[in-house]
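For the protein sequence lines, the chains are A and B, in the order given. Take 3 as the starting number for the first sequence in our numbering and just add one per residue. Take 7 as the starting number for the second sequence in our numbering and just add one per residue. From the three backbone atoms N, C-alpha and C, an ideal C-beta is built for every residue, glycine too.
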Amino acid sequence: MQKSDEFLSLSKDSLYALSRERGLSLSAEEMLAIQSYFAEQGRGPSDAELETIAQTWSEHCKHKTFRAAIEHTERDELGLERKRHYKDLLKDTIVKVTQELQKPWCLSVFKDNAGIVSYDNKEALAFKVETHNHPSALEPYGGAGTGLGGVIRDVLGAGLGARPIANTDVFCFGPLDEAGRNKSMGGLSTRRIFHGVVSGVRDYGNRMGIPTVNGAVYFDDDFKDNPLVFCGTLGLMPVHTIEKAVCPGDRIVMTGGRVGRDGIHGATFSSDSLTTGIESSVVQIGNPIVQKKMMDVLLAARDKKLYRGITDCGAGGLSSAVGEMGEKTGADVSLEKVPLKYKGLSPWEIWLSESQERMVLAVPPGNLEELQALFSSEDVDCTDIGIFTDNQRLRVSYDQEVIVDMCMGFLHDGVPKQHLKSFWSCPPEVPFISETQDPRPKTQDRKRKKSRYELERALLGILAQPTVASKEWIIRQYDHEVQGRTVLKPLVGTQSQGPGDAAVLQLHPSSLQGTALACGVNPHFSRWDPYWMAASVLDEAVRNLVAVGARLDRIAVLDNFCGGDPQDPRILGGLVRCAQACYDVASVYGTPFISGKDSLYNQFEWEANGIKEKRSIPTTLLISAVSQVGDVSKVVSMDFKRAGNWIYVLGETRDELGGSRYGIWRNTAGGSVPRLNPQDTWGLYEKLAEAISQGLVSACHDCSEGGLGAALAEMSLAGELGFYLDVRKALLSADLRNEARTDKVLFSESNGRFVVEVSPRAKRGFLSCLKGMPVSCIGQVREGKRLQITGMEGKTYAWSVSEVEKAWRNGIDVRN
Amino acid sequence: MNNKIANQKSKIKNVSVHPVKALVLRCAGTNCDQETMWALEQAGACAERVHINAFVREEREINDFDLMVVPGGFSFGDDIASGKVLANKLLYKLKGPLEQFVGAGKPVIGICNGFQVLTKCGLLPGVSGWDSSLKATLTDNDSGKFECRWVFLKTGSRRCLFTKGLPDVFPLPVAHAEGKFVPESEKFFKSLEKNGQVAFRYVNAKGRKAGYPWNPNGSFGDVAGICNKAGNVLGLMPHPERYAFTFQHSHWTRVKPLPVNGVGLQIFKNAVRAVEKSKKLEIRN
């Protein structure tokens with residue numbers, strides 16, 4: 003074993019310098035902990051040991067920030083400070099709500115590769131969402147593709163393995179305007195990232211034969227240097243396969259792809275800021291067909307009970323997969339047995355490579371022969387690379403030469419707990435812009451269009467904002483029908499042109515039971531307050547499920563946090579507020595978190611004129627939600643169905659224009675961000691769910707980006723039907739009613755609202771179902787293809803269905 | 007609605023004494039096998055998924071089956087060209103048994119990637135049984151990208167055993183990047199039309215000829231599917247197995263009354279009926 007006894011005598015500063023130089027992403031305190039462990043052993047660490055610890059302890063794998071003890075300080079509008087202590091941020095918020103809710107249908111949460119909930123008495127669903135942000139910024143096609151490949155393996159490695167049945171994807175990019183054509187500082191152009199990410203996910207997902215049924219795409223300046231790529235997979239598994247085990251004596255079997263030099267240092271690089279000059283060899287290279295054929299035979303082996311433990315080879319490669327599986331037992335690996343893509347890899351590279359499409363199995367020795375025969379019958383590599391021991395040590399050798407020999411306890415629990423300080427101060431309230439103010443630069447174009455009401459142009463402008471506009475160009479490149487289960491598709495309406503709220507899958511043709519998937523994301527709200535951002539996106543994800551008629555008592559949610567450098571107390575303060583909102587809202591909604599992930603250090607550092615600068619993304623939370631559908635024949639789509647039907651608005655519209663799409667259109671940062679009173683909204687959701695299950699609702703659409711205006715326009719274009727309505731009939735907060743501004747009413751993004759279409763025949767039943775709730779009938783669906791709205795001041799505004807459709811469908815400029 | 011579903015369920019379980027044995031051929035990258043199984047079972051067949059290696063290694067025999075489907079997917083990653091590697095496996099490893107299978111008049115359906123495979127191995131257009139040279143191909147969509155969308159099809163062939171009982175115009179989804187049908191020559195295409203081998207064409211909702219996106223890939227003559235001269239081998243780009251059941255339809259929430267099954271099921275039913283008929287003939291003889 004190579005020894006660097008010099009290591010033992012290094013000072014704190016030189017240890018940290020070593021961490022930086024080697025790209026270990028370990029802090030000085032962590033390096034000291036390693037030094038003291040090896041001092042006890044009486045020797046210095048080998049390169050492979052140091053790398054193994056760095057992978058295992060990386061932010062990416064260990065979530066050190068979310069597990070840290072945090073002293074949080076908040077300063078309110080009056081300058082009063084309040085402190086709050088978190089012993090472990092994750093345990094005190096996200097995990098706590100799940101523990102308190104004690105849902106018996108949460109079968110496996112926060113311990114496996116994916117969260118597992120029960121589906122019926124025979125089957126369970128595994129759901130996981132991952133990010134692949136850093137790789138996608140560097141090599142968009144490969145980074146995004148392997149991001150999806152990785153989360154699919156997470157689900158394949160949940161319990162004894164679930165069959166992937168649906169994918170979701172959410173992307174945040176910089177703007178695609180003219181500036182998007184130019185390279186960002188040292189990085190790639192936004193357009194190149196956009197096209198690379200879209201096609202990377204397409205080629206991986208389609209080739210795996212998994213339908214992509216739900217997602218969102220967000221465009222904002224904030225994501226120019228650090229795009230976000232979230233990929234999720236839902237899997238279906240027999241209920242008896244949710245538990246896994248590893249026993250001493252079990253063979254360690256690696257299956258699937260071979261090992262090359264790709265993706266070395268993936269986990270550690272993802273746990274640091276992006277800067278110029280990073281080698282793209284940190285990004286893995288994907289080959290979906292290798293994974294597809296591995297998956298086919300793996301699930302057959304699962305059903306034959308040939309292995310009893312499984313995990314995927316993700317970040318950290320074999321080092322983290324074997325290290326994780328053998329945590330309680332111990333493991334002994336012979337690297338010379340590992341099949342390689344090409345010769346010339348040094349042992350530590352084999353041990354740490356993140357080459358894709360690999361899983362590690364724990365196989366009882368007696369099953370090895372049958373397992374290998376099964377894998378070879380479908381031409382899939384499957385190699386015995388070692389044994390799980392009972393000495394709680396991780397031992398790795400290459401041809402007798404030992405390169406790693408350390409205690410599992412230190413590797414997994416030796417990381418020093420972080421103690422961090424966070425700070426949040428409430429930004430001063432700026433009123434939303436008046437109707438006549440106009441901070442936008444004047445252009446010829448705007449003068450010419452003076453003939454039209456400003457409000458009419460605003461709706462078309464909002465619909466054409468890439469974040470709101472139709473994502474059809476992307477959705478159609480993703481097979482959303484494969485496996486034949488998608489009964490409510492991402493595109494709905496007469497010609498599949500409208501945006502569905504949530505996807506619904508009928509899992510087996512012999513049963514009407516199904517499952518629904520939705521998401522919520524809106525990082526722009528974070529500029530106002532990450533707390534209300536988090537509350538809003540959790541509400542949006544839940545609202546989307548409510549809108550299609552999913553069961554409210556079976557909603558499970560996943561959190562994916564993305565943010566900048568958590569060492570900055572203000573950034574950490576935002577994350578803390580976000581996590582606190584998750585707890586506050588989810589405990590009222592009764593929606594347990596079943597899995598989650600965080601990706602920090604999403605910031606870009608560069609040097610300009612000798613000055614170091616950095617820019618980081620706003621705190622972003624993606625909530626993915628899954629629930630059950632009792633009877634798929636009763637689900638509701640968002641397209642207007644029939645002329646003569648009544649249009650209702652559910653929920654109260656308030657003066658909440660802060661962070662709204664209309665605010666962006668008017669180029670203002672004023673207004674209050676939408677808040678949420680979860681007790682009130684939940685009561686409404688329960689009644690609406692009841693009305694939908696009784697078949698009293700013809701169409702239902704949630705109000706989110708673009709408010710009532712965008713929701714109504716989308717329902718109209720999807721059903722190719724017009725409407726007439728009067729916004730004065732909508733339920734408005736008192737201040738909004740007094741102010742009587744139509745633009746605010748139409749474009750406020752208050753949470754907890756829906757637009758609902760009800761047939762004259764169902765009207766009575768619907769109203770009695772929603773008795774006592776904030777419900778108002780505002781108008782009627784009309785045959786003519788005209789959208790007509792009477793404003794607060796009595797003026798009538800009008801659009802044609804075709805013009806709103808044109809604006810909405812052509813909003814994203816997809817040129818290269 | 008519940009009763010109808012219950013009826014369907016009982017039908018799936020009700021397998022007759024001499025079931026029609028359907029093969030769903032698998033290989034690396036096959037991915038529409040499960041839903042194809044569901045459709046075949048719903049149509050009354052007893053279906054089994056078998057990996058091509060089992061036939062190549064002579065552990066199983068293709069001719070033990072009565073009907074075969076080459077399902078959609080990305081066989082062998084569509085490396086070289088879509089369907090090419092699997093086509094070569096069929097051509098160079100299984101030509102004998104397959105020739106016997108097709109020669110016996112047993113139904114063969116190639117869906118999407120399966121259509122690409124059957125075309126690239128010479129079973130389709132199948133003017134002379136097994137074509138010795140490539141007479142037609144399926145290539146990159148005119149749009150230059152993978153597209154998943156619903157289209158309308160019009161049946162045009164009396165020769166083809168799979169088109170019986172289908173409505174004149176009906177919807178099915180497509181999902182492919184290489185589905186543009188290109189024949190060897192215009193003259194050759196005329197002969198296909200004359201032989202009644204053009205099984206399905208892309209049309210608009212009214213059943214008329216129309217351009218993109220109704221014809222989603224720019225296929226010559228709006229061809230969506232063709233059959234061989236004998237009428238027992240069908241290849242089509244749209245996915246009938248993705249509309250074999252009621253709620254798979256693109257916008258069933260607007261449709262009243264809802265049909266009991268998806269229209270795509272009829273294609274599988276026709277295949278199963280054809281086998282049943284020939285089996286009855288065998289027994290009688």
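Tell me, to the nearest whole angstrom, how far the beta carbon of residue i is from that of residue j; I am working on the premise that it is less than 8 Å.
i                      : j                      : result
residue 17 of chain A  : residue 33 of chain A  : 4 Å
residue 519 of chain A : residue 216 of chain A : 5 Å
residue 703 of chain A : residue 541 of chain A : The Cβ separation is near 15 Å, so there is no contact.
residue 230 of chain B : residue 242 of chain B : 6 Å
residue 465 of chain A : residue 715 of chain A : 6 Å
residue 639 of chain A : residue 490 of chain A : 6 Å
Identify every residue that forms a DSSP beta bridge with residue i.
i                      : result
residue 610 of chain A : A/613
residue 508 of chain A : A/516
residue 169 of chain A : A/214, A/235
residue 501 of chain A : A/493
residue 44 of chain B  : For residue 44 of chain B, which the question treats as bridged, DSSP gives no partner whatsoever.
residue 801 of chain A : A/789
residue 185 of chain A : A/191
residue 322 of chain A : Looking at the DSSP assignment, residue 322 of chain A forms no beta bridge with any residue, so it has no partner.
residue 361 of chain A : A/257, A/314
residue 781 of chain A : A/649, A/727
Give the DSSP-derived three-state secondary structure of residue i in the structure shown.
i                      : result
residue 121 of chain A : coil
residue 299 of chain A : helix
residue 267 of chain B : strand
residue 405 of chain A : strand
residue 208 of chain B : strand
residue 562 of chain A : strand
residue 853 of chain A : Given that chain A is displayed from residue 3 to residue 818, the structure contains no residue 853 of chain A and the question cannot be resolved.
residue 533 of chain A : helix
residue 286 of chain A : coil
residue 196 of chain B : helix
residue 551 of chain A : coil
residue 427 of chain A : strand
residue 137 of chain A : helix
residue 116 of chain B : strand
residue 15 of chain B  : The predicted position of residue 15 of chain B is uncertain, since its pLDDT is 46 and thus under 50; a value taken from the coordinates is nonetheless stated next. Of the three classes helix, strand and coil, the one that applies to residue 15 of chain B here is helix, per DSSP.
residue 177 of chain B : strand
residue 164 of chain B : coil
residue 771 of chain A : helix
residue 377 of chain A : helix
residue 272 of chain B : helix
In chain D, what lies closer than 9 Å to residue i by C-beta?
i                      : result
residue 176 of chain B : In the structure shown, chain D does not exist; the protein chains are A and B.
Contact residues within the region 150-163 of chain B, judged by C-beta distance below 7 Å to chain A: Listed in sequence order: 151, 152, 153, 154, 155, 156.
Chain A contacts made by the region 225-237 of chain B, where a contact means CB separation under 7 Å: none
The region 255-265 of chain A / the region 384-400 of chain A touching (three or more Cβ pairs under 8 Å): yes
Proximal residues, the region 180-206 of chain B versus chain A, C-beta separation under 8 Å: 181
At least 3 beta-carbon pairs within less than 8 Å: the region 601-611 of chain A vs the region 520-538 of chain A: Two segments are said to touch when three or more pairs of C-beta atoms, one from each, lie closer than 8 Å; by this definition the region 601-611 of chain A does not touch the region 520-538 of chain A.
Touching by the beta-carbon criterion (3+ pairs, under 8 Å), the region 182-193 of chain B and the region 128-143 of chain B: The region 128-143 of chain B and the region 182-193 of chain B touch, with three or more beta-carbon pairs separated by less than 8 Å.
Residues of the region 770-798 of chain A with Cβ closer than 8 Å to any Cβ of chain B, in chain order: none
Residues in the region 484-503 of chain A having any Cβ partner in chain B nearer than 9 Å: For the region 484-503 of chain A, the beta-carbon criterion of a distance under 9 Å to any beta-carbon of chain B is satisfied by 484, 485, 486, 487, 488, 489, 490, 491, 493, 494, 495, 496, 497, 498.
contact_flag[the region 28-42 of chain B, the region 238-247 of chain B] where n(CB pairs < 8 Å) is 3 or more: yes
Chain A contacts from the region 255-286 of chain B (Cβ-Cβ distance under 9 Å): Taking 9 Å as the Cβ-Cβ cut-off against chain A, the residues of the region 255-286 of chain B that qualify are 255, 256, 257, 258, 259, 260, 264.
The region 495-509 of chain A / the region 699-717 of chain A touching (three or more Cβ pairs under 8 Å): yes
Chain A contacts from the region 119-137 of chain B (Cβ-Cβ distance under 7 Å): Hits within the stretch: zero.
Sufficient close CB pairs (3 or more, under 8 Å) joining the region 145-155 of chain B to the region 211-228 of chain B: The region 145-155 of chain B vs the region 211-228 of chain B: in contact.
Under 7 Å (Cβ pairs) to chain A, residues found in the region 55-87 of chain B: 57, 59, 79, 80, 82, 83
Residues of the region 186-205 of chain A whose Cβ lies closer than 8 Å to any Cβ of chain B, in chain order: Per Cβ criterion, the list reads 204.
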